[in-house]
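Just so we're aligned, residue 0 is where the sequence shown starts under numbering that gives the first Met the number 0, counting upward by one. Virtual Cβ for every residue (Gly too), placed ideally from N, Cα, C.
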Amino acid sequence: MVALSMVLVFLLALSRGESELDAKSSSPQEATNFTASGEAEARRCARREELLARGCLPEELEEPRGQQEVLQDDPLSQGTRGEGATQLAPQRVRVTLRPGEPQQLPVRFLRAEGYPVDLYYLMDLSYSMKDDLERVRQLGHALLVRLQE
């Protein structure tokens with residue numbers, strides 16, 4: 000019976016001159032009509048303007064944003080005998096990134112007496128970033144000089 004109703008919906012859509020993509024349905028199968036037969040599934044992912052032009056309803060568009068969730072945020076401390084110092088907070092963060100959307104992650108730092116300082120940075124090391132890499136090296140060296148004062 001379900002197969003027969005699907006065939007009828009399809010035939011009705013064709014008889015009105017609509018493509019499979021344009022056929023509207025309030026049934027759970029509506030999601031399968033989002034892309035036309037033979038069309039790549041990737042077509043469902045597009046810029047907002049493109050999806051609206053294809054007839055998608057604005058309230059049905061999903062636009063996830065980058066987000067941050069602090070998982071561990073122990074207070075900064077110098078540490079005591081037998082217990083390590085907490086020099087950086089937060090300690091654990093879950094970050095969801097979206098293309099083209101910058102995220103800022105605020106951190107707090109306390110240099111514990113007698114502990115070494117490790118400096119980490121995450122970079123794209125392609126040739127186009129060569130000048131940025133040199134600038135980061137200079138800043139790292141300047142930081143070392145200031146910490147030694």
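Inset, instruction - Please classify Leu-132: does DSSP put it in a helix, a strand, or coil? - result: helix
Inset, instruction - Please say whether Gln-86 and Leu-109 have beta carbons closer to each other than 7 Å? - result: yes
Inset, instruction - In the DSSP assignment, find the unbroken alpha helix (DSSP H) run with Glu-68 in it and report its ends. - result: Under the DSSP assignment, Glu-68 falls outside any alpha helix (DSSP H), being part of the beta strand (DSSP E) whose first and last residues are 66-71.
Legend entry - For Val-106, the three-state DSSP class (helix, strand or coil): coil
Inset, instruction - Let me know if Leu-142 comes out buried or exposed under the rule of 16 or more other beta-carbons within 10 Å of its beta-carbon. - result: exposed
Inset, instruction - Please classify Leu-138: is it buried, with 16 or more other beta-carbons within 10 angstroms of its beta-carbon, or exposed? - result: exposed
Inset, instruction - Evaluate contact between the stretch 59-66 and the stretch 93-100, counting only Cβ atoms and requiring at least three cross-stretch pairs below 8 Å. - result: yes
Inset, instruction - Taking 7 Å as the cut-off, decide whether the C-beta atoms of Gln-77 and Ala-111 are in contact. - result: yes
Inset, instruction - Counting only the same chain and skipping the five closest in sequence on each side, list residues whose C-beta sits under 8 Å from that of Asp-131. - result: Met-122
Legend entry - Candidates Cys-44, Pro-74, Asp-72, of which the one nearest Leu-60 by Cα: Nearest C-alpha to Leu-60: Cys-44.
Legend entry - Alpha-carbon to alpha-carbon, Val-144 and Pro-115: 14 Å
Legend entry - Cβ shell of Leu-104 (< 8 Å), same chain only, five flanking positions each side left out: Gln-67, Val-92, Val-94
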